[in-house]
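Numbering (our numbering) for the sequence shown: 34 to 295.
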Amino acid sequence: MRTLLIVDDEPRTRLGIQKTLTAWSAGRHRIETAASGVEALEWLKANTAHVIITDVRMPEIDGLQMLEALARRGPLPVIVVISGHAEFDYARKALQLGAFDYILKPLDKDILMETVQRALQLEEGRERMQAMEKLVDAKLLEVGRSEARLGAPIKDAIGYIEAHLEEPISMKQVADLMHLNASYFSVLFKEQTGVTFSDYLTRIRLQKAKELLVSTRLPISDIAEKVGYGTAKYFIKVFKDNEGSSPRQYRVQVLEEDRSIR
Numbered sequence: 034m035r036t037l038l039i040v041d042d043e044p045r046t047r048l049g050i051q052k053t054l055t056a057w058s059a060g061r062h063r064i065e066t067a068a069s070g071v072e073a074l075e076w077l078k079a080n081t082a083h084v085i086i087t088d089v090r091m092p093e094i095d096g097l098q099m100l101e102a103l104a105r106r107g108p109l110p111v112i113v114v115i116s117g118h119a120e121f122d123y124a125r126k127a128l129q130l131g132a133f134d135y136i137l138k139p140l141d142k143d144i145l146m147e148t149v150q151r152a153l154q155l156e157e158g159r160e161r162m163q164a165m166e167k168l169v170d171a172k173l174l175e176v177g178r179s180e181a182r183l184g185a186p187i188k189d190a191i192g193y194i195e196a197h198l199e200e201p202i203s204m205k206q207v208a209d210l211m212h213l214n215a216s217y218f219s220v221l222f223k224e225q226t227g228v229t230f231s232d233y234l235t236r237i238r239l240q241k242a243k244e245l246l247v248s249t250r251l252p253i254s255d256i257a258e259k260v261g262y263g264t265a266k267y268f269i270k271v272f273k274d275n276e277g278s279s280p281r282q283y284r285v286q287v288l289e290e291d292r293s294i295r
């Protein structure tokens, strides 16, 4: 359930937005309110808001100061700013600070609901991206980004590995296929990719395993075979040593954090 926080010092506006969004939400979302930027910042210390709808003109701490304070704490939630025509400079500044959109007063209910719907879609998209990023090995990403600088033998070696993950693969075997001495190939591979051949092979196998764990319902033993491990027991050991959890625990954790990956 996503949480929406309405921040406005005017009771009529605050309660009017809450009533409109509560009816629109029909129980799908949690709708909270704060009567000031100070109250909102205090509430956010112990709670999470996925979308914040805030006025820009408030006493003590205005909407812009609240955004700045939130930005210092970490990534901003999706922010929708409310402003009057005379306060457009505030709205523009809010957008520069990272707000998603603004709504002009007097508020139109249809525009409010449409803007909040888009804000929620953006927030859900962010969560999906964050969940997918957890599947990506940073070192493999680095190697991929430097692909243009890889020599032909190393590119071909990586292509071979990716195409034959289910099979037993040794460095000597790949070096022979590239018509290179194994010792020279080992040094060349490390120089160009930044990781050893063995480390790369393990990482690419575990990367594929993680993708299969969250995108399929295949048994752990089948996934072990598909990524080149002869036994599930050895696969589980390697996975746990590198990821800090068993394949089964990893699957449950990621799917619970973002069910939209299923």
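A virtual CB, placed ideally from N, CA and C, is assigned to each residue, including glycine.
Applying the 10 Å Cβ sphere with the 16-neighbour rule, what's the burial state of residue i?
| i | result |
| --- | --- |
| Pro252 | exposed |
| Gln154 | exposed |
| Asp209 | exposed |
| Thr87 | buried |
| Leu48 | exposed |
| His83 | buried |
| Ala59 | exposed |
| Glu120 | buried |
| Ser216 | exposed |
| Ser179 | exposed |
| Leu221 | buried |
Give me the Cβ distance between residue i and residue j, rounded to the nearest whole Å; I'm assuming they're in contact under 8 Å.
| i | j | result |
| --- | --- | --- |
| Pro280 | Leu246 | 6 Å |
| Tyr283 | Glu276 | 6 Å |
| Leu168 | Lys243 | 5 Å |
Comparing C-alpha positions only, which one of the options sits nearest to residue i?
| i | options | result |
| --- | --- | --- |
| Asp12 | Val287, Arg45, Ile50 | Missing from the structure shown is residue 12; the chain here goes from 34 to 295 and no further. |
| Leu234 | Val260, Ser216, Tyr217, Val71 | Val260 |
| Arg236 | Lys172, Ser216, Leu221, Lys188 | Lys172 |
| Leu145 | Leu183, Ala56, Arg182, Gln286 | Ala56 |
| Ser116 | Pro108, Ala127, Val287 | Ala127 |
| Val271 | Ser219, Ala104, Asp232, Thr46 | Asp232 |
| Leu183 | Tyr123, Ala257, Phe218 | Phe218 |
Does the Cβ-Cβ distance between residue i and residue j come in under 8 Å?
| i | j | result |
| --- | --- | --- |
| Ser278 | Ala265 | no |
| Leu198 | Arg250 | no |
| Phe133 | Ala152 | yes |
| Val89 | Leu77 | no |
| Lys99 | Ala73 | According to the sequence as given, residue 99 is Met; it is not Lys. In contact: Met99 and Ala73 (Cβ atoms closer than 8 Å). |
| Ala104 | Val114 | no |
Excluding five sequence neighbours on each side, which residues of the same chain lie with their C-beta closer than 7 Å to the C-beta of residue i?
| i | result |
| --- | --- |
| Gly177 | none |
| Lys52 | none |
| Ile187 | Leu221, Phe222, Gln225, Thr226 |
Going along the chain, which residues of its own chain have a beta-carbon closer than 8 Å to the beta-carbon of residue i, five neighbours each way excluded?
| i | result |
| --- | --- |
| Ser69 | Val40, Asp42, Met91, Pro92, Glu93, Ile94 |
| Met34 | Arg61, His62, Arg63 |
| Val71 | Glu93, Ile94 |
Looking only at its chain, what residues have a beta carbon closer than 6 Å to the beta carbon of residue i, apart from the 5 residues adjacent to it on each side?
| i | result |
| --- | --- |
| Ile24 | Examination of residue 24 is not possible in this model, given that the chain is present from 34 through 295 alone. |
| Gly263 | none |
| Asp170 | Arg236, Gln240 |
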